[in-house]
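K.L.:
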Amino acid sequence: MRLGALGTSSIAWRRTLPTAVRVPEVDLVALAGRSADKAERFAAHFGCAAESGFDALLERPDVEAVYISLPTALHHEWAAKAIRAGKHVLVEKPVGVDAREARELCALAEEHDVVLRENFMFLHHPQHSFVRDLLEKGRLGTLSSFHAAFCIPPLPADDIRYASDMGGGALLDVGVYPLRAAGLLLGPGVRVAGATLRTRATDGLDLSGQALLVSPSGVLAHIAFGFEHAYASTYTLWGDRARVTVDRAFTPPPAYEPVVLLEEQGHQERFTLPAADQLGACLASFAAAVRAGGTDSAREGADLRHDTVAAMELVEAVRREAVRVTVDQ
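Mapping to full-length UniProt numbering: the sequence shown position 108 is 108, numbers consecutive.
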């Protein structure tokens, strides 16, 4: 799959583009950034062409798909332009700043018969399939609660994730992970029962938060997220027979061997799983969807678009229901 990159973000430099040039399913052809100098540096490092601008990259006939790692507030604009140019799109999460942008992009991708996916790498890690298999086999009994957290320490003051006009904030950056995990593990129809947000006094940017969710089957969920914590990336599912915990749920390194902890009364089991490159699997899956004809309108593509919109509807519900606490920062 001949790929072009829009954006010179940190995640592109550290993770996505090094993986793209390594996996056999992808050929990185060209790159464009908001800074010409930075784009030249990226292009030289990754061995691809540097384009003069985003529009020029989208006009290249040898680019059939684009990876977008621009600030979140620009995702909708450039994903829409790429789709209208006939390009398949892998966009950094989240797909936009609200559910309206998600719905518009999903509808546009279906209309133009192209693949649209978010770069939610964790969805492609087999540790979650292992956990779902435990659930389906009844090892946990009747599920009653779900707890998930993705929290990171404070960022440098000039980090783009602190820019409210660029789609910054903890909810859109890290909160979307436990929200998406709730949908993955509890099924469709999860709704928000309540929420809190700690917001910056200067501009209302959310620095951290929590939310209470409930599934259609009555499973109660609690999620936490933020830029104000020691690192945590975990979830626990709790039933009347046992509970299971995944400690590196969202960003395990490729060489990391996940440990899934199953706790029953008076008994514990630790399952050490094989290491897996979730980003490589994400890129390979995207390339396979493109190679399948690009429609992405079969069940898998339709389900992914539905999940994308549902996750952004949960984001909006958290914002709507949240009790806000203003903090000086």
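Using N, Cα and C, we set each Cβ at its ideal position, and we do this for glycine too.
1. By how many angstroms is the C-alpha of residue 9 removed from the C-alpha of residue 51?
2. So that I know if they touch, is there some Cβ in chain C lying closer than 9 Å to that of residue 67?
3. By the DSSP assignment, the beta strand (DSSP E) with residue 223 in it spans what residues?
4. Can you tell me which of the three DSSP states residue 164 falls into?
5. Between which two residues does the alpha helix (DSSP H) holding residue 136 run?
6. Where does the unbroken beta strand (DSSP E) through residue 264 begin, and where does it stop?
7. Who are the near neighbours of residue 250 in its chain, counting only those whose CB is closer than 7 Å to its CB and skipping five residues on each side?
8. Enumerate in chain order the residues of its own chain whose CB-to-CB distance from residue 254 is below 6 Å, with the five nearest sequence positions on each side excluded.
9. How would you call residue 231, buried or exposed, if buried means at least 16 neighbouring beta carbons within 10 angstroms?
10. Let me make sure I understand the geometry here. Which of 170, 190, 219, 216 has the alpha-carbon closest to that of residue 209?
11. Which residues in the same chain have their Cβ closer than 7 Å to the Cβ of residue 200, if we skip the five residues on either side of it in sequence?
12. Measure the CB-CB distance between residue 219 and residue 131 and report whether it falls below 9 Å.
13. According to the neighbour-count rule (16 or more other Cβ atoms, all chains shown, within 10 Å of its Cβ), is residue 323 buried or exposed?
14. Using the Cα positions of residue 226 and residue 44, report the straight-line distance between them to the nearest angstrom.
P.N.:
Let's see:
1. Rounded to whole angstroms, residue 51 to residue 9 spans 16 Å at the Cα level.
2. Although the question refers to chain C, the structure presented lacks it and comprises just one protein chain.
3. 220–226
4. helix
5. 126–136
6. 259–264
7. Closer than 7 Å at Cβ, skipping near neighbours: 122, 150, 177, 233.
8. 277
9. exposed
10. Comparing Cα positions, the closest option is 170.
11. 207, 327, 329
12. Using a Cβ distance threshold of 9 Å, residue 219 and residue 131 do not count as a contacting pair.
13. exposed
14. Going by the C-alpha atoms only, they are around 35 Å apart.
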